[in-house]
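Enquirer:
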Amino acid sequence: DTTYQRHPWTTATCREESSKSSLPPVEPQQGWTPLVEWTVSPDSAMDCDAEGWQYAIDFYRDDQFWGNDKTGLHCRRRLWSRSFEDTMGGLRVTPNDALLVSRTVSDPLQALV
């Protein structure tokens with residue numbers, strides 16, 4: 634997240650496990666059911682390579698330091714998305730709802746790996 638804290642839905646026990654995973658190591662909490670599989674969601678406003686990765690020299694919060702050229706850079710990130718349904722309360726959440734949901738359920742839709 635933006636404070637560099639571990640996401641509460643993360644299942645990986647270490648960074649190496651997370652970095653080797655082909656999908657985000659995230660499982661929803663009880664009451665949330667995935668509606669679709671994970672997909673890479675390159676931000677059209679940002680420069681991404683063909684696989685949706687962005688590169689930087691450090692894990693900056695500010696997006697201006699991220700781009701699609703990996704030359705000389707050793708940090709990378711990509712945005713994943715997935716739609717969920719709150720089976721306890723009937724709330725349906727899609728990636729377009731991410732900003733609204735992130736304020737209420739700890740951002741279940743996006744994982745940076």
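All residue numbers for the sequence shown refer to the numbering used here, where the first residue is 634 and numbers rise by one. Note that the Cβ used here is the ideal one computed from N, Cα and C, for glycine as well. All of these numbers come straight from a predicted model, not from anything done at the bench.
Should Val673 and Arg715 be called a contact, given that it needs their Cβ atoms to be closer than 8 angstroms?
Expert: Not closer than 8 angstroms, so no.
Enquirer: Along the alpha helix (DSSP H) that carries Arg648, what are the first and last residues, could you check?
Expert: Start and end: Arg648 to Lys653.
Enquirer: Apart from the five residues just before and just after Ile690, which ones in its own chain have a Cβ nearer than 6 angstroms to its Cβ?
Expert: Here the set comprises Leu706.
Enquirer: How about Gly664 and Thr720: do their beta carbons lie closer than 8 angstroms?
Expert: Yes, they are a contact pair.
Enquirer: So, helix, strand or coil for Phe717, using DSSP?
Expert: Phe717 falls in the strand class under three-state DSSP.
Enquirer: Alpha carbon to alpha carbon, how far is His640 from Arg710? Give it in angstroms, no decimals.
Expert: One C-alpha to the other measures close to 15 angstroms.
Enquirer: Between Asp770 and the rest of its own chain, which residues show a CB-CB distance below 7 angstroms, the 5 nearest in sequence each way excluded?
Expert: Since the displayed the chain opens at 634 and closes at 746, residue 770 lies outside it and no answer follows.
Enquirer: DSSP state of Gln638, grouped into three classes?
Expert: DSSP places Gln638 in coil when its eight states are reduced to three.
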